[in-house]
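Before any comments, here is the structure.
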Amino acid sequence: MNETIKLINERASLRKFADKEISQDEKDTIINSALRAPTAGNMMLYSIIVVDDQEKKNLLSKSCDQQSFIAKAPLVMVFLADYQRWYDYYNLSGVKEFCLKEDINYTGPKEGDLMLACSDALIAAQNAVIAAESLGIGSCYIGDIMENYEKQQEILSLPELVFPISMLVMGHYPEKKPVIKSRFDKKYIVFENNYRTLNKEELENMFADRSQRFNPDNTFNADNYGQFMYARKTGASFSKEMARSVRVMLKKWEN
(Lines of atoms letter the chains of each structure in order from A; the text may use other names.)
(Lines give C-alpha, C1' and ligand atoms only; values in the text may rest on other atoms or scores of the structure.)
Protein backbone atom coordinates (compact mmCIF):
# COMPACT_ATOMS: atom_id res chain seq x y z
CA MET A 1 0.00 0.00 0.00
CA ASN A 2 1.52 3.34 -1.01
CA GLU A 3 1.54 6.38 1.28
CA THR A 4 -1.35 8.17 -0.43
CA ILE A 5 -3.71 5.19 -0.13
CA LYS A 6 -2.61 4.72 3.47
CA LEU A 7 -3.43 8.36 4.27
CA ILE A 8 -6.90 8.02 2.74
CA ASN A 9 -7.63 4.80 4.63
CA GLU A 10 -6.39 6.09 7.99
CA ARG A 11 -8.04 9.52 7.96
CA ALA A 12 -10.67 10.28 10.58
CA SER A 13 -12.64 13.46 11.26
CA LEU A 14 -10.82 15.50 13.89
CA ARG A 15 -12.64 17.70 16.40
CA LYS A 16 -9.97 17.98 19.09
CA PHE A 17 -6.61 19.42 18.10
CA ALA A 18 -3.09 19.35 19.49
CA ASP A 19 -1.89 22.59 21.08
CA LYS A 20 0.25 23.43 18.07
CA GLU A 21 0.00 26.14 15.46
CA ILE A 22 -0.17 25.42 11.75
CA SER A 23 2.79 27.13 10.13
CA GLN A 24 2.49 29.48 7.17
CA ASP A 25 4.36 26.98 5.00
CA GLU A 26 1.84 24.30 5.95
CA LYS A 27 -1.07 26.63 5.18
CA ASP A 28 0.45 27.52 1.83
CA THR A 29 0.91 23.83 0.97
CA ILE A 30 -2.70 23.05 1.87
CA ILE A 31 -4.08 26.00 -0.11
CA ASN A 32 -1.88 25.39 -3.14
CA SER A 33 -2.99 21.75 -3.16
CA ALA A 34 -6.64 22.88 -3.12
CA LEU A 35 -5.98 25.16 -6.08
CA ARG A 36 -4.60 22.23 -8.10
CA ALA A 37 -7.88 20.32 -7.83
CA PRO A 38 -9.80 19.32 -10.98
CA THR A 39 -12.22 22.05 -12.03
CA ALA A 40 -14.99 22.37 -14.63
CA GLY A 41 -13.60 23.97 -17.78
CA ASN A 42 -10.64 25.28 -15.75
CA MET A 43 -13.04 27.99 -14.54
CA MET A 44 -12.29 27.44 -10.81
CA LEU A 45 -15.88 28.19 -9.81
CA TYR A 46 -15.02 28.54 -6.14
CA SER A 47 -13.34 30.80 -3.63
CA ILE A 48 -11.72 29.99 -0.30
CA ILE A 49 -11.89 32.18 2.78
CA VAL A 50 -9.20 31.49 5.37
CA VAL A 51 -10.66 32.64 8.69
CA ASP A 52 -8.01 33.57 11.22
CA ASP A 53 -9.93 36.31 13.03
CA GLN A 54 -10.96 34.86 16.39
CA GLU A 55 -14.17 36.85 16.59
CA LYS A 56 -15.28 35.46 13.23
CA LYS A 57 -14.38 31.92 14.37
CA ASN A 58 -16.54 32.45 17.43
CA LEU A 59 -19.43 33.68 15.29
CA LEU A 60 -19.10 30.73 12.90
CA SER A 61 -19.05 28.26 15.77
CA LYS A 62 -22.40 29.70 16.92
CA SER A 63 -23.99 29.98 13.47
CA CYS A 64 -22.98 26.39 12.70
CA ASP A 65 -25.06 24.71 15.39
CA GLN A 66 -23.09 25.89 18.41
CA GLN A 67 -20.07 23.66 17.73
CA SER A 68 -17.43 25.10 20.06
CA PHE A 69 -14.51 23.18 18.55
CA ILE A 70 -14.77 25.36 15.43
CA ALA A 71 -13.63 28.38 17.45
CA LYS A 72 -10.65 26.42 18.77
CA ALA A 73 -9.39 25.15 15.41
CA PRO A 74 -5.97 26.48 14.36
CA LEU A 75 -7.14 26.72 10.75
CA VAL A 76 -10.65 27.42 9.45
CA MET A 77 -11.33 27.46 5.71
CA VAL A 78 -14.70 28.18 4.10
CA PHE A 79 -15.18 26.82 0.57
CA LEU A 80 -17.57 28.84 -1.54
CA ALA A 81 -19.44 28.05 -4.73
CA ASP A 82 -18.65 31.25 -6.61
CA TYR A 83 -20.05 32.55 -9.88
CA GLN A 84 -19.78 36.18 -8.81
CA ARG A 85 -16.24 36.53 -10.13
CA TRP A 86 -17.17 35.23 -13.60
CA TYR A 87 -20.24 37.46 -13.94
CA ASP A 88 -18.20 40.45 -12.79
CA TYR A 89 -15.74 39.54 -15.56
CA TYR A 90 -18.57 39.08 -18.08
CA ASN A 91 -19.82 42.58 -17.22
CA LEU A 92 -16.30 43.94 -17.60
CA SER A 93 -16.02 42.19 -20.96
CA GLY A 94 -19.25 43.62 -22.36
CA VAL A 95 -20.91 40.21 -22.63
CA LYS A 96 -24.46 41.66 -22.50
CA GLU A 97 -23.72 43.89 -25.48
CA PHE A 98 -22.03 41.01 -27.29
CA CYS A 99 -25.08 38.77 -26.74
CA LEU A 100 -27.40 41.50 -28.01
CA LYS A 101 -25.28 41.95 -31.15
CA GLU A 102 -25.07 38.21 -31.83
CA ASP A 103 -28.72 37.48 -30.89
CA ILE A 104 -27.67 35.28 -27.96
CA ASN A 105 -29.99 35.03 -24.97
CA TYR A 106 -28.08 36.50 -22.01
CA THR A 107 -28.97 34.98 -18.64
CA GLY A 108 -27.58 34.92 -15.14
CA PRO A 109 -26.30 31.67 -13.60
CA LYS A 110 -28.95 29.01 -12.97
CA GLU A 111 -29.30 25.97 -10.74
CA GLY A 112 -27.05 23.82 -12.92
CA ASP A 113 -24.29 26.42 -12.67
CA LEU A 114 -24.63 26.38 -8.90
CA MET A 115 -24.32 22.59 -8.79
CA LEU A 116 -21.20 22.77 -10.95
CA ALA A 117 -19.70 25.44 -8.69
CA CYS A 118 -20.51 23.33 -5.61
CA SER A 119 -18.71 20.38 -7.20
CA ASP A 120 -15.66 22.53 -7.94
CA ALA A 121 -15.55 23.82 -4.36
CA LEU A 122 -15.92 20.38 -2.78
CA ILE A 123 -13.26 18.80 -5.00
CA ALA A 124 -10.88 21.59 -3.98
CA ALA A 125 -11.77 21.03 -0.33
CA GLN A 126 -10.96 17.33 -0.55
CA ASN A 127 -7.59 18.11 -2.11
CA ALA A 128 -6.94 20.32 0.92
CA VAL A 129 -7.95 17.48 3.26
CA ILE A 130 -5.52 15.00 1.70
CA ALA A 131 -2.70 17.54 1.58
CA ALA A 132 -3.24 18.39 5.25
CA GLU A 133 -3.34 14.72 6.17
CA SER A 134 0.06 14.21 4.55
CA LEU A 135 1.43 16.90 6.90
CA GLY A 136 -0.01 15.27 10.01
CA ILE A 137 -2.86 17.79 10.10
CA GLY A 138 -6.35 16.45 10.65
CA SER A 139 -9.62 17.98 9.49
CA CYS A 140 -13.37 17.96 9.88
CA TYR A 141 -15.97 19.01 7.32
CA ILE A 142 -18.68 21.36 8.61
CA GLY A 143 -21.74 21.09 6.37
CA ASP A 144 -23.68 23.29 8.79
CA ILE A 145 -22.15 26.33 7.03
CA MET A 146 -25.08 25.91 4.61
CA GLU A 147 -27.48 26.83 7.42
CA ASN A 148 -28.35 30.38 8.41
CA TYR A 149 -27.45 31.77 5.01
CA GLU A 150 -28.21 35.34 6.01
CA LYS A 151 -25.87 35.14 9.02
CA GLN A 152 -23.06 33.50 7.06
CA GLN A 153 -23.46 36.11 4.33
CA GLU A 154 -23.06 38.86 6.91
CA ILE A 155 -20.14 37.26 8.76
CA LEU A 156 -18.17 36.58 5.56
CA SER A 157 -19.36 39.56 3.45
CA LEU A 158 -20.65 37.30 0.69
CA PRO A 159 -22.03 38.82 -2.54
CA GLU A 160 -25.18 37.52 -4.26
CA LEU A 161 -23.67 34.78 -6.43
CA VAL A 162 -21.56 33.16 -3.72
CA PHE A 163 -22.74 30.35 -1.46
CA PRO A 164 -20.81 28.63 1.37
CA ILE A 165 -21.02 24.95 0.51
CA SER A 166 -18.61 23.61 3.12
CA MET A 167 -16.18 24.57 5.84
CA LEU A 168 -13.04 22.78 6.96
CA VAL A 169 -11.54 23.06 10.41
CA MET A 170 -7.98 21.80 10.73
CA GLY A 171 -5.32 21.17 13.33
CA HIS A 172 -2.49 18.83 14.19
CA TYR A 173 -3.49 15.45 15.55
CA PRO A 174 -3.29 15.03 19.32
CA GLU A 175 -1.43 12.03 20.78
CA LYS A 176 -4.67 10.06 20.91
CA LYS A 177 -6.11 9.93 17.39
CA PRO A 178 -9.86 9.58 16.82
CA VAL A 179 -11.28 6.17 16.05
CA ILE A 180 -11.56 5.33 12.34
CA LYS A 181 -15.21 4.58 11.66
CA SER A 182 -16.26 1.73 9.42
CA ARG A 183 -17.96 2.30 6.09
CA PHE A 184 -20.74 0.36 4.37
CA ASP A 185 -19.56 -2.62 2.34
CA LYS A 186 -18.91 -1.60 -1.27
CA LYS A 187 -21.40 -4.17 -2.60
CA TYR A 188 -24.18 -1.91 -1.29
CA ILE A 189 -22.65 1.28 -2.71
CA VAL A 190 -20.84 0.40 -5.95
CA PHE A 191 -22.87 -0.89 -8.92
CA GLU A 192 -21.94 -1.85 -12.46
CA ASN A 193 -23.46 0.04 -15.37
CA ASN A 194 -26.85 0.70 -13.73
CA TYR A 195 -28.25 1.79 -10.39
CA ARG A 196 -29.74 -1.05 -8.35
CA THR A 197 -32.34 -0.64 -5.61
CA LEU A 198 -31.49 -2.75 -2.58
CA ASN A 199 -34.03 -5.31 -1.42
CA LYS A 200 -35.20 -5.81 2.18
CA GLU A 201 -32.58 -8.45 3.00
CA GLU A 202 -29.76 -6.37 1.55
CA LEU A 203 -30.86 -3.28 3.49
CA GLU A 204 -31.00 -5.28 6.72
CA ASN A 205 -27.55 -6.74 6.07
CA MET A 206 -26.15 -3.35 5.10
CA PHE A 207 -27.23 -1.82 8.42
CA ALA A 208 -26.73 -4.94 10.57
CA ASP A 209 -23.54 -3.75 12.28
CA ARG A 210 -24.97 -0.32 13.10
CA SER A 211 -28.26 -1.81 14.22
CA GLN A 212 -26.40 -4.08 16.66
CA ARG A 213 -24.80 -1.01 18.25
CA PHE A 214 -28.11 0.87 18.43
CA ASN A 215 -29.01 1.96 21.95
CA PRO A 216 -32.77 1.54 22.57
CA ASP A 217 -32.43 3.92 25.53
CA ASN A 218 -32.02 7.04 23.39
CA THR A 219 -33.20 10.64 23.69
CA PHE A 220 -35.38 10.38 20.55
CA ASN A 221 -37.46 7.42 21.82
CA ALA A 222 -36.53 5.62 18.60
CA ASP A 223 -37.23 1.88 18.36
CA ASN A 224 -34.51 1.13 15.82
CA TYR A 225 -31.50 2.60 14.06
CA GLY A 226 -33.49 3.91 11.10
CA GLN A 227 -35.84 5.89 13.35
CA PHE A 228 -32.86 7.13 15.38
CA MET A 229 -30.97 8.42 12.34
CA TYR A 230 -34.05 10.13 10.90
CA ALA A 231 -34.64 11.94 14.19
CA ARG A 232 -30.95 12.78 14.63
CA LYS A 233 -30.16 13.83 11.05
CA THR A 234 -32.72 13.85 8.21
CA GLY A 235 -35.71 15.07 10.21
CA ALA A 236 -33.78 17.20 12.70
CA SER A 237 -34.30 20.94 13.14
CA PHE A 238 -30.87 21.74 11.69
CA SER A 239 -31.79 19.84 8.52
CA LYS A 240 -34.97 21.88 8.15
CA GLU A 241 -32.96 25.08 8.66
CA MET A 242 -30.47 23.97 6.02
CA ALA A 243 -33.32 23.41 3.55
CA ARG A 244 -34.74 26.87 4.32
CA SER A 245 -31.31 28.48 3.99
CA VAL A 246 -30.65 26.82 0.63
CA ARG A 247 -34.07 27.92 -0.67
CA VAL A 248 -33.27 31.53 0.24
CA MET A 249 -29.96 31.29 -1.60
CA LEU A 250 -31.52 29.60 -4.65
CA LYS A 251 -33.94 32.50 -5.11
CA LYS A 252 -30.96 34.77 -5.69
CA TRP A 253 -29.70 32.46 -8.44
CA GLU A 254 -33.15 32.03 -10.00
CA ASN A 255 -33.44 35.80 -10.34
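Residue numbers for the sequence shown, in UniProt numbering: 1 to 255.
We put the CB at the ideal spot given by N, CA and C, even for glycine.
Would residue i be called buried (16 or more neighbouring beta carbons within 10 Å of its own) or exposed?
i, result
"D144", "buried"
"N91", "exposed"
"V51", "buried"
"Q212", "exposed"
"V248", "exposed"
"S63", "buried"
"A40", "exposed"
"M1", "exposed"
"E204", "exposed"
"L198", "exposed"
"D120", "buried"
Look up residue i in the DSSP assignment and give the residues it is bridged to.
i, result
"F191", "F191 is not bridged to any residue."
"D82", "V162"
"C140", "V169"
"I49", "V78"
"S13", "S139"
Between which two residues does the alpha helix (DSSP H) containing residue i stretch?
i, result
"Y173", "Segment: none, Y173 is in no alpha helix (DSSP H) and carries neither H nor E."
"E202", "K200 to M206"
"G94", "Counting along the chain, G94 falls outside any alpha helix (DSSP H), and DSSP gives it neither H nor E."
"Q153", "Y149 to L156"
"C64", "Careful: C64 lies outside any alpha helix (DSSP H) and carries neither H nor E."
"F69", "F69 to K72"
"D120", "E111 to S134"
Ignore the nearest five residues each way along the sequence and tell me which others in residue i's own chain have a CB closer than 6 Å to its CB.
i, result
"N105", "none"
"E160", "K252"
"I30", "A128, A131 and A132"
"A34", "A124, N127 and A128"
For the beta strand (DSSP E) that contains residue i, what are its first and last residues?
i, result
"residue 282", "Residue 282 lies beyond the residue range present for the chain, which begins at 1 and ends at 255; the question has no answer from this structure."
Quick one: what's got a C-beta closer than 7 Å to residue i's C-beta in the same chain, skipping five residues either side?
i, result
"N218", "F228"
"A71", "K57, N58 and S61"
"D113", "Y83"
"Y89", "none"
"F207", "Y225"
Using a Cβ-Cβ cut-off of 8 Å (strictly less than) and excluding sequence neighbours within five positions of residue i, which residues of its own chain qualify?
i, result
"D65", "D144, E147 and F238"
| Can we say the stretch 165-173 touches the stretch 13-22, given the rule of at least three CB pairs closer than 8 Å? | Judged by Cβ distances under 8 Å, the stretch 165-173 makes contact with the stretch 13-22, as three or more pairs qualify.
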